[in-house]
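What follows is a set of notes on a single structure, which appears directly below.
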Amino acid sequence: MAEYSMKTPLRPEDVDKLRAGDKVNLNGFLYTARDAAHKKLVDLIKEGKELPLPLEGQIIYYVGPTPTPPGKPIGSAGPTTSFRMDPYAPLLIEHGLRGMIGKGERGALVIEAMQKYGAVYFAATGGAAALLSKRITAAEVIAYPELGAEAIRRLTVESFPVIVAQDRYGGNIYKEGQKQYAR
Amino acid sequence: MAKTKRKSKPAAKKAAAVRGERTAMSKVPPVREISAKKIADTVARLAIEANCDLEEDVLKALRSGRGAESSPVGKEIFNQLLANANIARKERMPICQDTGLAIVFVDVGQDAHVVGGALDEAINEGVRRGYTEGYLRKSVLGDPLKRVNTRDNTPAVIHTRIVPGNKLKLWVVPKGGGSENMSKIAMLKPADGIEGVKKFVVDSVRVASANPCPPIIVGVGIGGSFEQCAMNAKRALLREIGSRHPDEFYEALENELFQKVNDTGIGPMGLGGRITTLAVHIVAAPCHIASLPVAVNINCHAARHKTAVL
Numbered sequence: 001m002a003e004y005s006m007k008t009p010l011r012p013e014d015v016d017k018l019r020a021g022d023k024v025n026l027n028g029f030l031y032t033a034r035d036a037a038h039k040k041l042v043d044l045i046k047e048g049k050e051l052p053l054p055l056e057g058q059i060i061y062y063v064g065p066t067p068t069p070p071g072k073p074i075g076s077a078g079p080t081t082s083f084r085m086d087p088y089a090p091l092l093i094e095h096g097l098r099g100m101i102g103k104g105e106r107g108a109l110v111i112e113a114m115q116k117y118g119a120v121y122f123a124a125t126g127g128a129a130a131l132l133s134k135r136i137t138a139a140e141v142i143a144y145p146e147l148g149a150e151a152i153r154r155l156t157v158e159s160f161p162v163i164v165a166q167d168r169y170g171g172n173i174y175k176e177g178q179k180q181y182a183r
Numbered sequence: 184m185a186k187t188k189r190k191s192k193p194a195a196k197k198a199a200a201v202r203g204e205r206t207a208m209s210k211v212p213p214v215r216e217i218s219a220k221k222i223a224d225t226v227a228r229l230a231i232e233a234n235c236d237l238e239e240d241v242l243k244a245l246r247s248g249r250g251a252e253s254s255p256v257g258k259e260i261f262n263q264l265l266a267n268a269n270i271a272r273k274e275r276m277p278i279c280q281d282t283g284l285a286i287v288f289v290d291v292g293q294d295a296h297v298v299g300g301a302l303d304e305a306i307n308e309g310v311r312r313g314y315t316e317g318y319l320r321k322s323v324l325g326d327p328l329k330r331v332n333t334r335d336n337t338p339a340v341i342h343t344r345i346v347p348g349n350k351l352k353l354w355v356v357p358k359g360g361g362s363e364n365m366s367k368i369a370m371l372k373p374a375d376g377i378e379g380v381k382k383f384v385v386d387s388v389r390v391a392s393a394n395p396c397p398p399i400i401v402g403v404g405i406g407g408s409f410e411q412c413a414m415n416a417k418r419a420l421l422r423e424i425g426s427r428h429p430d431e432f433y434e435a436l437e438n439e440l441f442q443k444v445n446d447t448g449i450g451p452m453g454l455g456g457r458i459t460t461l462a463v464h465i466v467a468a469p470c471h472i473a474s475l476p477v478a479v480n481i482n483c484h485a486a487r488h489k490t491a492v493l
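Protein sequences, first through last, are from chains A and B.
If you use the numbering used here, the first sequence corresponds to residues 1 to 183, in order.
If you use the numbering used here, the second sequence corresponds to residues 184 to 493, in order.
The structure is reproduced here in structure tokens:
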């Protein structure tokens, strides 16, 4: 298992070299979106309208942070469960999304889109929200402020620690890791 | 002289009790007044503390889990969780961004009298203040289908019990959506027996896999009616991690389920490992001759709970 430091936006060759189990420290911008924002983005794509964020090469982080306290760039910000975004993710991948960060396994349609268009799914540690917020140096709401915690934010991250959970070749650390340690 | 005095005092009290007069011996505590404001203040404080400050039993379980985990990735996740708890405590930041539904258990002494407001309103006022002043996330929708956020994390889910005494005990238990979503209940047939119960618990954990943020705490309700069984699964999560079940039979069942759940290999965050659960807690209840209900309520590793007695 390799360890990489990568900058966003991801290039196709970045995605191609990542394998399930690799550790990656991410730098640059991440965009946040959860259930409600995903529904809006997919509706915009279906209507042929412009999106409030760039998708090409970008990474979406499934997170709804706590309110920002005074003197900090953001509140606690750990990943939410990813499978709730499975109905929306394939269309975003088709339109250029290259990475997703969350927790828990992805379904068949997402895996298929990841393989076809070249995308990777990263796991961050769920419930390590205070620790992860330390790697976020800036946060700005760029769309849907009315959604509160679910608004789309652009985060600037430095050495944001993730693990490649599912790669574009069908590699899946949930399946492989659990098999290895089951008795 | 002194000797006779000492003997006669309890005898007099006994006689008074027989006559129905209240004395210290009848052990009926005097009615106490507890102000609604004090309840609100306490709930607000507990909501913030529960979300920023992991209890020692959970920290201890995480430390021993780190020692027992053989997967390198799993070990690193334990390290992150312990470092996270440290940062959260020092900087008063929430342990997890999902600061939960505010679930509040209240044991109300039958001789406690809440004054200056309604109990439920006082609890909700505390939740409103705690979640606002503590910069906690507001994750509550006023209606499950219309889905509009109430913006102050109220209403709390309040479970009240009337108990002997004149005190009021509060548990504030923020519960995240990820682990709550993985909970299950089944009305098994009596013929399914203990093997059916074991299978249901382990299968529920297996299906939940990485989603409820393992290492998890598994609350199991067995028996009772449908709603009592689910409630007992939740109450099972209130027990101190590392404490033993008072009944030997259930202690053995807890130990067996603990082993079976860890043998799934799900591991920390579902990435594979030897530690999937920190504890399995069971609450059993009498049930109907035709029934064998079993419920599983899963808690994430951020098992947040704070209590106070007023």
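Backbone N, C-alpha and C fix where the C-beta goes; we use that ideal spot for every residue, glycine too.
Bear in mind the structure is a predicted one, so any value in this text is a computation, not a measurement.
Worksheet item: Hey, out of A:L41, A:E56 and A:S76, whose CA is closest to K49 of chain A's CA?
Response: A:L41
Discussion item. Just verifying my parser: in three-state terms, what is the DSSP assignment at K350 of chain B?
Written reply: coil
Item to complete: Look at the Cβ atom of P213 of chain B, then the Cβ atom of G292 of chain B, and state whether they are nearer than 9 angstroms.
Response: no
Worksheet item: Is there at least one Cβ from chain B nearer than 9 angstroms to Y144 of chain A's Cβ?
Response: no
Item to complete: Take the Cβ of Y4 of chain A as the centre, count every other Cβ of all protein chains shown within 10 Å, and call the residue buried at 16 or more, exposed below.
Response: exposed
Item to complete: Note the first and the last residue of the continuous alpha helix (DSSP H) segment covering T315 of chain B.
Response: L302 to E316
Item to complete: Could you list which residues in chain A have their beta carbon closer than 8 angstroms to that of Y433 of chain B, in chain order?
Response: The premise fails here: Y433 of chain B is roughly 24 angstroms from chain A at the closest Cβ pair, so nothing lies under 8 angstroms.
Practice prompt. Closer than 7 angstroms by beta-carbon distance: list the chain B residues that pair up with E3 of chain A, in chain order.
Written response: Chain B residues near E3 of chain A: none, gap ~12 angstroms exceeds 7 angstroms.
Worksheet item: Is it true that the CB of E150 of chain A sits closer than 9 angstroms to the CB of A37 of chain A?
Response: yes
Discussion item. For a cutoff of 9 angstroms on Cβ pairs, would you count N307 of chain B as touching chain A?
Written reply: no
Worksheet item: With 9 angstroms set as the bound, which would you pick, yes or no: does the beta-carbon of G203 of chain B sit closer than that to a beta-carbon of chain A?
Response: Model confidence at G203 of chain B stands at a pLDDT of 49, short of 50, so the residue's coordinates are unreliable; what they give is reported in the following sentence. False, the Cβ-Cβ gap to chain A never drops below 9 angstroms.
Item to complete: With DSSP as the reference, label G71 of chain A as helix, strand or coil.
Response: coil
Worksheet entry | Beta-carbon proximity of T55 of chain A to L92 of chain A, cut-off 9 angstroms | Note that residue 55 of chain A is Leu in the sequence shown here, rather than Thr. Cβ distance < 9 angstroms, so L55 of chain A and L92 of chain A count as in contact.
Discussion item. Less than 8 angstroms between C-beta atoms, sequence neighbours within five positions excluded: which residues of the same chain meet that for K186 of chain B?
Written reply: Low confidence applies to K186 of chain B: its pLDDT is 42, below 50, so where it sits in the model is not reliable enough to give any reading.
Discussion item. Cutting at 7 angstroms between CB atoms, please list the residues of its own chain near N234 of chain B, excluding the five before and the five after it.
Written reply: P277, I278, T282, G317, L319, P357 and R487
Discussion item. Based on DSSP bridge pairs, tell me the residues matched to I345 of chain B.
Written reply: B:V291
Discussion item. On the criterion of 16 or more Cβ atoms from any shown chain inside 10 Å, does I377 of chain B qualify as buried, or is it exposed?
Written reply: exposed
Worksheet entry | Per-residue DSSP class, three states only, for V15 of chain A | helix
Worksheet item: Is any heavy atom in the ligand MN found nearer than 8 angstroms to the beta carbon of I341 of chain B?
Response: You won't find the ligand MN in this model; it holds no ligand whatsoever.
Item to complete: Could you tell me whether the stretch 127-141 of chain A touches the stretch 77-91 of chain A, where touching means 3 or more Cβ pairs closer than 8 angstroms?
Response: yes
Discussion item. On a Cα-Cα basis, can you pick out the residue from A:G28, A:T66, A:V164 and A:G21 that is closest to A138 of chain A?
Written reply: A:G28
Worksheet entry | Buried/exposed call for A119 of chain A, threshold 16 Cβ in 10 Å | buried
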